[in-house]
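Working notes for the structure below.
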Amino acid sequence: MIAPLISVALLAASSAQALSVPRHHQLGRRQDDLALKTYVQGLLEPYSAYSERYNSYGCTSQKSNTDFFDQCCKPRAPTDTSNLDSCASTAASLAAAATEVASSTSDFVAPTSDFVPTSSEFSDAERTQPASSSDYVPQTSSSAAYTPEPSSEAQYTPESSSDAGYTPAPTTYEAPTTTSEAAPATTSASSGSTSGEGYSGTATYYYQNGAAGACGEYKSDSDFIVAIPILLWGDYNSRSSMCGKTVTMCNAKTNNCVDAVVADLCPTCVGDYSIDLSDGLFKALAAGADGVFDTKYYIH
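When you line the sequence shown up against mature numbering (1 follows the signal peptide of the UniProt record, and there is no 0), it's residues -18 to -1, 1 to 282, in that order.
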């Protein structure tokens, strides 16, 4: 009679422990909490699983690798497990290749440090030469007697000073060209650009790959378009009211601004108001930047 009671008690305790285990890991970023409200609708895999896969594959640094990004870094249907093994092995080989490149470049720094003693030895060799030339001092003193002749040429300098009076002409010609070019650049960047609601974040870039954006329109990489974060988009499963609106994108460092159009959604943008730019728009605002820059933008 006691043994059945003990087993019933143990069974109740184990079931209580099982109920206390959370079904999902709590996400640390506020963006993931907001994304779950619109993302998890039964049409896509759980956002926590997608976010974990996106980070473990290193997708942030693989946006230019379009084949890998399209197959492995975009949201999937809940039952779609195709190519996951090949994606994992490809991600591992890409990470290993990046590590190998980093280690090979760090190894190349060492030979330059070995070369420093050679230059110091050469400077010591140069010091030994003046000792032999010190025997030749009598010849140097004879050439010192020749200095009166160059003093007659020094009187010829007034002619070169007359040329110096001609320099004002070129400087007056440079000033107008500089001011005439600078004025339009400033006005085009600031004319009406700071009106509307403003946001700050980081800007990255993406490729169209011949596909329509979440707004349903086909665009090219040279078009000035943006993909806005989930926080501004609204319901993930419907077309946003932001589609087609004008966005004035500004480089926070240079204050250079360009107008663009909302054409897509960026579900993987890191940060509440981070934003994705077409390749053409990114180059217009931050040519030479390493894939990301700080931005301020205004939606009209």
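Just so it is clear, CB atoms sit at the ideal spot from N, CA and C, and this is done for glycine as well.
Closest Cα partner of residue i within the set the options
{"i": "residue 288", "options": "Val240, Ala245, Asp246 and Thr250", "result": "Beyond the ends of the chain as shown, which are -18 and 282, falls residue 288; an answer cannot be given."}
{"i": "tyrosine 189", "options": "Asp205, Tyr181 and Asn219", "result": "Asp205"}
{"i": "methionine 224", "options": "Ala234, Lys235, Asn237 and Ile210", "result": "Ile210"}
{"i": "glycine 40", "options": "Thr250, Asn233 and Ser182", "result": "Thr250"}
{"i": "valine 181", "options": "Cys69, Ile281, Ser33 and Thr48", "result": "Looking at the sequence provided, one finds tyrosine at residue 181 rather than valine. Nearest of Cys69, Ile281, Ser33 and Thr48 to tyrosine 181, Cα basis: Ile281."}
{"i": "serine 38", "options": "Thr48, Ser75, Thr230 and Asp49", "result": "Ser75"}
{"i": "threonine 230", "options": "Val243, Tyr218, Val252 and Asp272", "result": "Val243"}
{"i": "alanine 245", "options": "Tyr36, Gly273 and Tyr200", "result": "Tyr200"}
{"i": "leucine 263", "options": "Asn237, Cys232 and Asp254", "result": "Cys232"}
{"i": "alanine 193", "options": "Glu27, Leu247 and Val252", "result": "Leu247"}
{"i": "asparagine 237", "options": "Lys227, Pro60, Phe275 and Gly226", "result": "Phe275"}
{"i": "alanine 234", "options": "Asn219, Thr228, Tyr218 and Ser256", "result": "Ser256"}
Three-state secondary structure assigned by DSSP to residue i
{"i": "glycine 262", "result": "helix"}
{"i": "asparagine 233", "result": "strand"}
{"i": "leucine 26", "result": "coil"}
{"i": "cysteine 55", "result": "coil"}
{"i": "threonine 250", "result": "coil"}
{"i": "tyrosine 36", "result": "helix"}
{"i": "residue 284", "result": "Because the chain here runs from -18 to 282, residue 284 falls outside it and cannot be looked at."}
{"i": "threonine 277", "result": "strand"}
Buried versus exposed, by CB contacts within 10 Å (16 or more), residue i
{"i": "leucine 66", "result": "exposed"}
{"i": "lysine 278", "result": "buried"}
{"i": "aspartate 258", "result": "buried"}
{"i": "alanine 185", "result": "buried"}
{"i": "serine 46", "result": "exposed"}
{"i": "leucine 267", "result": "buried"}
{"i": "leucine 26", "result": "buried"}
7 angstroms CB neighbourhood of residue i in its chain, flanking five on each side removed
{"i": "asparagine 191", "result": "Thr48 and Asp52"}
{"i": "tryptophan 215", "result": "Ser222, Met224 and Leu247"}
{"i": "glycine 198", "result": "Arg221"}
{"i": "alanine 167", "result": "At alanine 167 the pLDDT is 30, less than 50, meaning the model places this residue with poor confidence and gives no usable figure here."}
Residues near residue i in its chain [Cβ-Cβ closer than 8 angstroms; skip 5 each side]
{"i": "aspartate 261", "result": "Tyr187, Tyr188, Tyr189, Asp203 and Ser204"}
Residues near residue i in its chain [Cβ-Cβ closer than 6 angstroms; skip 5 each side]
{"i": "alanine 269", "result": "none"}
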